[in-house]
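One structure is given here, and the rest of the page talks about it.
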Amino acid sequence: MEEKNERRGIQSVEVAFRVLLALHSSRQALPLKEIATRAEMTGSAANNYLVSLVRTGLASVDSKPGHYKLGPGALRLGMAAIAQLDGFDQVRLEVGVLRDSTKQHAAMSSWTADGPVSLFKQDGELRSAFQMRTGLIDILATAAGKVFVGSLPTAETRRLLQQEAKAHGMDAQAFRAEAQHELDTAGYASMERADGTGYASVAAPIRDWTGEVRFALSLIGSRTTLDVRPNGPHVKALLESCARATAALGGTASI
Numbered sequence: 174m175e176e177k178n179e180r181r182g183i184q185s186v187e188v189a190f191r192v193l194l195a196l197h198s199s200r201q202a203l204p205l206k207e208i209a210t211r212a213e214m215t216g217s218a219a220n221n222y223l224v225s226l227v228r229t230g231l232a233s234v235d236s237k238p239g240h241y242k243l244g245p246g247a248l249r250l251g252m253a254a255i256a257q258l259d260g261f262d263q264v265r266l267e268v269g270v271l272r273d274s275t276k277q278h279a280a281m282s283s284w285t286a287d288g289p290v291s292l293f294k295q296d297g298e299l300r301s302a303f304q305m306r307t308g309l310i311d312i313l314a315t316a317a318g319k320v321f322v323g324s325l326p327t328a329e330t331r332r333l334l335q336q337e338a339k340a341h342g343m344d345a346q347a348f349r350a351e352a353q354h355e356l357d358t359a360g361y362a363s364m365e366r367a368d369g370t371g372y373a374s375v376a377a378p379i380r381d382w383t384g385e386v387r388f389a390l391s392l393i394g395s396r397t398t399l400d401v402r403p404n405g406p407h408v409k410a411l412l413e414s415c416a417r418a419t420a421a422l423g424g425t426a427s428i
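The letter at position 96 of the sequence shown is residue 269 when you use this note's numbering, and the numbering goes up by one with no holes.
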């Protein structure tokens, strides 16, 4: 007789969670029929679960008759989860996962008052002429810098971007427009330097529950080892890691 690997759980709790997810999926209170449809259950079953959820405060009755929404108990749980959230540790785990799945250099970075900072890195299996380091990194010469310029409010990055662009004789507005276009159309940014080094990198944003970009996750390599194509395995792995990290921070991501 084979033993089941899955631990035994309480099915009613899992079903109740489907009702909560239905309420979570809408910005407005929902009628019972719509809740039942989204939770994939009958109206009578949804009603029974809502009675208990309202009693516990996880759901509440809306002023509009027959409509329900998330309650104060759900808000308290959400705020407690946010307070316990350690974004750095969550994303750092994905750096290791990304490095192991691609064999490329992987790193996480965040935006600071001094510009993008590499916080943690994992070296890839292939030897490279590029030195991976933590600390401040270039805006114009890295995919991570491109992600922050393309996703953060313009006022937050304008001064440092203009300073670096002026020093390198580049067009700051054109760089921002290119970064925004890449993120809007593909969900990630790429960088291939034209300085003869062969450097190539791709990066994508990680958002928190507010939708704000908290980190960027990057893969770094050379033009011969790193596949920067949208449908390539490296970009696919990058976007999957960013989606998981975003979900861990309470955000919503699509790949």
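Every residue gets a Cβ at the ideal spot worked out from N, C-alpha and C, and that includes glycine. Nothing here was measured: the structure is a model prediction, and the numbers come from that model.
- If we call anything under 7 Å between Cβ atoms a contact, is ALA316 one with ALA376? Taking the first residue of the sequence shown as position 1, residue 316 is located at position 143. Taking the first residue of the sequence shown as position 1, residue 376 is located at position 203. Against a cut-off of 7 Å, the Cβ pair of ALA376 and ALA316 comes out as a contact.
- Could you have a look at GLY308 and say whether DSSP puts it in helix, strand or coil? By 1-based counting over the sequence shown, the position of residue 308 is 135. Residue state, collapsed to three classes: strand.
- Task: Using 10 angstroms around the beta-carbon of MET132, count the other beta-carbons present and answer buried if the total reaches 16, otherwise exposed.
- Result: Given a span of 174 to 428 for the chain in the structure shown, any question on residue 132 remains unanswerable.
- Check SER198 in the structure and name its three-state DSSP category. By one-based count along the sequence shown, residue 198 stands at place 25. SER198: coil per DSSP, three-state reduction.
- CB-CB under 7 Å to ARG417, same chain, minus the five flanking residues each way: which ones, in chain order? Looking up residue 417 in the sequence shown gives position 244. Result list for ARG417: GLU267, in chain order.
- For VAL224, count neighbouring C-beta atoms within 10 Å of its own C-beta (all shown protein chains included) and say buried if the count is 16 or more, exposed if not. Here residue 224 refers to the residue found at position 51 of the sequence shown. Exposed, since its Cβ has fewer than 16 Cβ neighbours within 10 Å.
- Message: Within 10 Å of its beta-carbon, does THR285 have 16 or more other beta-carbons around it, so buried, or fewer, so exposed?
- Response: Here residue 285 refers to the residue found at position 112 when the sequence shown is read from its first residue. Exposed, because fewer than 16 other Cβ atoms sit within 10 Å of the Cβ of THR285.
- Query: What is the residue span of the alpha helix (DSSP H) that GLU355 lies within?
  - Reply: Looking up residue 355 in the sequence shown gives position 182. That run of the alpha helix (DSSP H) goes 345-359.
- Query: Around the C-beta of GLY182, are 16 or more other C-beta atoms found within 10 angstroms, so that it is buried, or is it exposed?
  - Reply: Walking along the sequence shown from the start, residue 182 turns up at place 9. It counts as exposed.
- If you check the beta carbons only, do VAL290 and ILE379 fall under 7 Å apart? As a first step, residue 290 is located in the sequence shown; it is residue number 117 there, counting from the start. As a first step, residue 379 is located in the sequence shown; it is residue number 206 there, counting from the start. Taking 7 Å as the Cβ cut-off, VAL290 and ILE379 do not qualify as a contacting pair.
- Item | Assigned exposure category for ASP400 - 16 Cβ within 10 Å defines buried | Residue 400 sits at position 227 when you count from the first residue of the sequence shown. Buried is the call here.
- Item | Identity of the residues DSSP links to LYS242 by a beta bridge | Residue 242 sits at position 69 when you count from the first residue of the sequence shown. In the DSSP output, where bridge partners are listed per residue, LYS242 has SER233.
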